[in-house]
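Since the structure comes first, as structure tokens, the remarks are kept for the end.
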Amino acid sequence: MPERSAEPAASIRVVDVVLVKGGRTKIRYPAELLSDDGTRIAVRAPWAGDGVRDFGFVRFEAGDVFTEYYWRDRWYAVKEVRDATGGLKGWYCDVTRPATLSGTELVVEDLDLDLWRSADGTDVRRLDEDEFAQSGLAERDPAAADAAATALDELEVFASVEGGLESLLA
């Protein structure tokens, strides 16, 4: 019989974040569940990518920590990105279908649209609109495509005002 941990039952809980794109799992990684209020789920995880991902305007690399916020009723996720020393790099926002948490799996369907906001707020940029247009979502599921486009517009508004994204995370 396994030895029981001395930690209380309410201690750290790990979930697997499963990012689905085009019907297939794009990436799966473990994350510490920070909170779940029934609507918003917050997790924290180290950079889960292979090596360095250099976008030109930001680099994600070993040591980076992502505090990720997902909603069951919104079409986006907001990820606060910090470097290994705790310095804020910025926020990477994914347009997604509303998240589902089942057992220890947090499943999120990526809809291609993304938004970046630098830590100082001077760089707000919409990303991957070409991928979204090529995805065929507008033809397959027009309602979802409309919800995704609206979500990107909402994120851009939040990102363009001081404290806007942070207000989503408080």
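According to this note's numbering, the sequence shown is numbered sequentially starting from 1.
Note that the Cβ used here is the ideal one computed from N, Cα and C, for glycine as well.
Legend entry - Buried versus exposed call for V157 [16 or more other C-beta atoms within 10 Å across all chains shown]: Mapped onto the sequence shown, residue 157 falls at position 157. Counting the other Cβ atoms within 10 Å of the Cβ of V157 gives fewer than 16, which makes it exposed.
Legend entry - Residues bridged to A45 [DSSP beta-bridge criterion]: The residue you call residue 45 lines up with position 45 of the sequence shown. Looking at the DSSP assignment, A45 forms a beta bridge with F66.
Inset, instruction - Note down, in chain order, each residue of its chain lying with its Cβ closer than 6 Å to the Cβ of A170, except the 5 sequence neighbours on either side. - result: For the purposes of this step, residue 170 is identified with residue 170 of the sequence shown, where counting begins at 1. Nothing listed; no residue qualifies.
Inset, instruction - Provide the residue span of the beta strand (DSSP E) that contains V14, from first to last. - result: Stepping through the sequence shown from its first residue, residue 14 is reached at position 14. In the DSSP assignment, V14 falls within the unbroken beta strand (DSSP E) covering R13 to K21.
Inset, instruction - Output yes or no for whether 8 Å exceeds the beta carbon distance between D128 and L113. - result: Working through the sequence shown from its first residue, we reach residue 128 at position 128. Working through the sequence shown from its first residue, we reach residue 113 at position 113. Cβ atoms of D128 and L113: closer than 8 Å.
Legend entry - Cut-off 7 Å between Cβ atoms - residues of its own chain near D73, not counting five sequence neighbours on either side: Along the sequence shown, one-based indexing puts residue 73 at 73. Excluding five sequence positions before and after D73, the CB atoms of its chain that fall closer than 7 Å to its own CB belong to T39 and P98, given in chain order.
Inset, instruction - Tell me whether the beta-carbon of W116 lies closer than 8 Å to the beta-carbon of G90. - result: Locating residue 116 in the sequence shown gives position 116, counting from the first residue. Locating residue 90 in the sequence shown gives position 90, counting from the first residue. In contact: W116 and G90 (Cβ atoms closer than 8 Å).
Legend entry - Contact belief for A42 with Y69 at Cβ below 8 Å, rounded distance in angstroms: Taking the first residue of the sequence shown as position 1, residue 42 is located at position 42. Taking the first residue of the sequence shown as position 1, residue 69 is located at position 69. Cβ-Cβ separation between A42 and Y69: approximately 5 Å, consistent with a contact (criterion under 8 Å).
Legend entry - For A145 and A6, the rounded distance between their alpha carbons: By 1-based counting over the sequence shown, the position of residue 6 is 6. By 1-based counting over the sequence shown, the position of residue 145 is 145. The predicted model places A6 with a pLDDT of 40, which falls under 50 and marks its position as unreliable; any figure quoted below should be read in that light. Roughly 48 Å between the two C-alpha positions.
Inset, instruction - Please state if the CB of F132 and the CB of A147 are separated by a distance shorter than 8 Å. - result: Position 147 of the sequence shown, counted from the start, is the residue given in the question as residue 147. Position 132 of the sequence shown, counted from the start, is the residue given in the question as residue 132. Contact: no.
Legend entry - Where R4 sits in the DSSP three-state scheme: The count along the sequence shown starts at 1 and reaches residue 4 at position 4. Any reading at R4 must be qualified, since the residue scores a pLDDT of 37, below 50, and its modelled position is unreliable; the value itself is stated next. Reduced to three states, the DSSP call for R4 is coil.
Inset, instruction - Report the rounded CA-to-CA distance for R24 versus V161, giving the unit in angstroms. - result: In the sequence shown, the residue the question calls residue 24 occupies position 24. In the sequence shown, the residue the question calls residue 161 occupies position 161. For R24 and V161, the distance between alpha carbons rounds to 35 Å.
Legend entry - Per DSSP, cross-strand counterpart(s) of K79: Against the sequence shown, residue 79 aligns to sequence position 79. Its beta-bridge partners are E68 and Y92.
Inset, instruction - Grab me the residues of A62's own chain with a C-beta within less than 7 Å of its C-beta, minus the 5 sequence neighbours each way, in chain order. - result: Start at 1 with the first residue of the sequence shown, and residue 62 comes out as number 62. When the five nearest sequence neighbours on each side are left out, the beta carbons in the same chain lying within less than 7 Å of the beta carbon of A62 are those of W47, in order along the chain.
Legend entry - Between the CA atoms of A143 and G22 - distance to the nearest angstrom: In the sequence shown, residue 22 corresponds to position 22, counting from 1. In the sequence shown, residue 143 corresponds to position 143, counting from 1. Taking the straight line from one Cα to the other gives about 17 Å.
Legend entry - Outcome for L88 when other beta-carbon atoms lying within 10 angstroms are tallied against a minimum of 16: By 1-based counting over the sequence shown, the position of residue 88 is 88. Per the 10 Å Cβ criterion, exposed.
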